[in-house]
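Q: Residue numbers (my numbering): 1498 to 1588.
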């Protein structure tokens, strides 16, 4: 699955890369160079980040599903236990 950014997000990311190079490396890179670098990162590193995000989401959902049984569990066939408990307390 190719990772694509929305146009406005892509533009902001390119601007951020240009700013990063200017402030940390002391050199200006052009818009096209920054866009090419971003595209490289999206193709080369993006899938790893995406897969990690999916794995993290799956792990969290699995945890929540494990908790679901405790949160919504109802004991079955409990009428007689409750009824016999009430009779014992009256006697």
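Every residue gets a Cβ at the ideal spot worked out from N, C-alpha and C, and that includes glycine.
Closest Cβ-Cβ distance between residue 1573 and chain D: below 8 angstroms?
A: No chain D appears in this structure, which consists of one protein chain only.
Q: Tell me the rounded alpha-carbon separation between residue 1499 and residue 1561.
A: To locate residue 1499, count along the chain shown from 1; it is residue 2. To locate residue 1561, count along the chain shown from 1; it is residue 64. Between residue 1499 and residue 1561, the C-alpha separation is close to 29 angstroms.
Q: Taking DSSP as the reference, what is the three-state secondary structure of residue 1517?
A: As a first step, residue 1517 must be located in the chain shown, where it is residue number 20. Residue 1517: helix per DSSP, three-state reduction.
Q: Using the rule of at least 16 other Cβ atoms within 10 Å of the residue's Cβ for burial, across every protein chain shown, is residue 1506 buried or exposed?
A: If you number the chain shown from 1, residue 1506 lands on position 9. Label assigned to residue 1506: exposed.
Q: Using a Cβ-Cβ cutoff of less than 7 angstroms, which residues in the same chain neighbour residue 1543 once the five nearest sequence positions on both sides are dropped?
A: Taking the first residue of the chain shown as position 1, residue 1543 is located at position 46. Listed in chain order, the non-local C-beta contacts of residue 1543 below 7 angstroms within the same chain comprise 1500, local neighbours out to five positions each way being set aside.
Q: Could you tell me if residue 1531 is buried or exposed, where buried requires 16 or more neighbouring beta carbons within 10 angstroms of its beta carbon?
A: In the chain shown, residue 1531 corresponds to position 34, counting from 1. It is buried - the Cβ of residue 1531 has at least 16 other Cβ atoms within 10 Å.
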